[in-house]
Amino acid sequence: MCMVNKIIRNPYILIAPAIILVSVFSLYPILFAVRVSFMNWDTVLGTKEYVGFKNYINIFKDPVFWMVLRNTLIFAFFTVVIGIVLAFVIGIFLQKNRLSDNLVQSIIFTPNILSAVSVTVMWMWLMDPNVGILNFVLKWFGLPTLKWMMSPETSLMSIIIVSIWKGLGYNVMIVIAGLQSIPRYIYEAAKLDKAGRWTTLFRITLPLLSPTLFFLLITSIISSFSAFDVVSLMTKGGPENSSNLIVYWIYQIGFLQFNIGKASAGSILFMIMVSIIAVINYAFFNKKVHYQ
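Just so you know, UniProt numbering puts 246 at position 246 of the sequence shown, and the rest follows in order with no gaps.
In structure tokens:
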């Protein structure tokens with residue numbers, strides 16, 4: 001009996017440190033944010049007042065919140081879709097382990113290991129309306145130049161381009177790893193059956209790569225909704241909140257306007273929104289994923 005109890009107890013002892021870490025660094029902050037979201041907390045005077053759902057009501061009445069939410073959804077859609085599609089296409093061409101392929105993989109992955117400051121400084125120079133290379137290229141093709149980050153019409157597009165460029169290398173590496181894990185004999189059997197290139201792609205490669213693409217989908221969605229550094233360093237959410245995203249907006253509310261209660265309420269709404277999207281994605285796309 002003692003031996004049975006020991007066997008049952010041992011796994012819980014082994015995972016206890018992880019449970020403690022999760023509780024301290026994840027669960028407690030979430031519960032604390034929920035509590036603060038129902039308060040009017042003046043960090044300057046140090047006063048706290050229970051206000052119920054007032055912070056949540058104020059958020060839903062705030063037109064800036066809806067603009068930021070729209071920006072975030074647009075940003076997430078384009079960075080996720082374009083990022084995964086480009087990674088898949090590039091991965092198909094770079095999966096053969098040739099020397100040139102390995103060199104290109106290294107070049108593509110380089111932006112992923114650069115610091116956010118280095119990336120944004122480089123792109124701010126490239127997108128400069130007066131001396132930027134991008135406008136020089138547009139002029140060379142006879143196209144109108146753009147103000148990029150300085151215009152409400154193009155500022156969101158600018159940070160989308162930078163985010164896709166920075167994250168593309170990681171996505172490509174994951175896709176290549178997934179492609180190389182597909183057994184070669186399956187393709188050999190397809191050749192014997194005289195399957196064409198497109199048939200092989202859609203009937204063999206995509207289904208067997210679906211777990212990898214599903215992983216990229218979930219991680220890319222979470223990453224895009226959590227984007228902060230590219231906004232903070234490039235546009236500060238401007239001009240006129242045209243490039244502001246929800247995480248940076250929460251930061252502005254909490255640390256620039258010192259409205260901790262409203263910022264906490266925004267954080268809780270953000271967590272709920274991302275959780276719902278992740279669950280919907282898992283429920284819908286997981287049915288189309290082939291793990292064998």
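Even for Gly, the Cβ is constructed at its ideal location relative to N, Cα and C. Just so we're clear, the structure is a prediction, and the values are computed from it rather than from any experiment.
Three-way DSSP call (helix, strand, coil) for residue i in this model
i: Tyr291; result: Only weak support is given to the placement of Tyr291: the predicted model assigns it a pLDDT of 48, under 50, and the question is left unresolved by the model.
i: Asn58; result: helix
i: Met39; result: strand
i: Lys191; result: helix
i: Thr120; result: helix
i: Ile13; result: helix
i: Lys48; result: strand
i: Asn130; result: coil
i: Asn259; result: strand
i: Ser275; result: helix
Nearest-angstrom Cβ-Cβ length linking residue i and residue j, presumed shorter than 8 Å
i: Gly167; j: Gly91; result: Their Cβ separation, rounded to whole angstroms, is 14 Å, which puts Gly167 and Gly91 out of contact at 8 Å.
i: Gly169; j: Thr212; result: Not really, about 16 Å apart at Cβ, beyond 8 Å.
Contact check, residue i vs residue j, beta carbons under 7 Å
i: Ile164; j: Thr43; result: no
i: Asn135; j: Thr145; result: yes
i: Glu240; j: Pro152; result: yes
i: Val247; j: Val162; result: no
Contact set for residue i: own chain, Cβ-Cβ below 8 Å, skip 5 residues either direction
i: Leu217; result: Val80, Ile84, Asn281 and Phe285
i: Phe109; result: Gly169, Tyr170, Val172 and Met173
i: Ile59; result: Phe65, Lys262, Ala265, Gly266 and Leu269
i: Ile176; result: Gly91, Leu94, Gln95 and Gln105
i: Val34; result: Ser264 and Ile268
i: Ile204; result: Ile182, Ile186, Tyr187, Ala190 and Ala195
7 Å CB neighbourhood of residue i in its chain, flanking five on each side removed
i: Leu233; result: Ala116, Val117 and Thr120
i: Lys139; result: Thr145
i: Asn71; result: Leu156, Ser243, Asn244 and Leu245
i: Met127; result: Leu134, Trp148, Met149 and Ser158
Same chain only: Cβ atoms within 6 Å of residue i, ignoring 5 sequence neighbours per side
i: Trp249; result: Val68
Legend entry - alpha helix (DSSP H) runs wholly inside the segment 60-97, at least 4 long, in chain order: Listed in chain order, the alpha helix (DSSP H) elements of length 4 or more contained wholly in the segment 60-97 are 63-93.
Inset, instruction - Note down, one range per segment and in chain order, each alpha helix (DSSP H) of at least 4 residues found wholly within the segment 192-217. - result: Complete alpha helix (DSSP H) runs here, min 4: 197-200.
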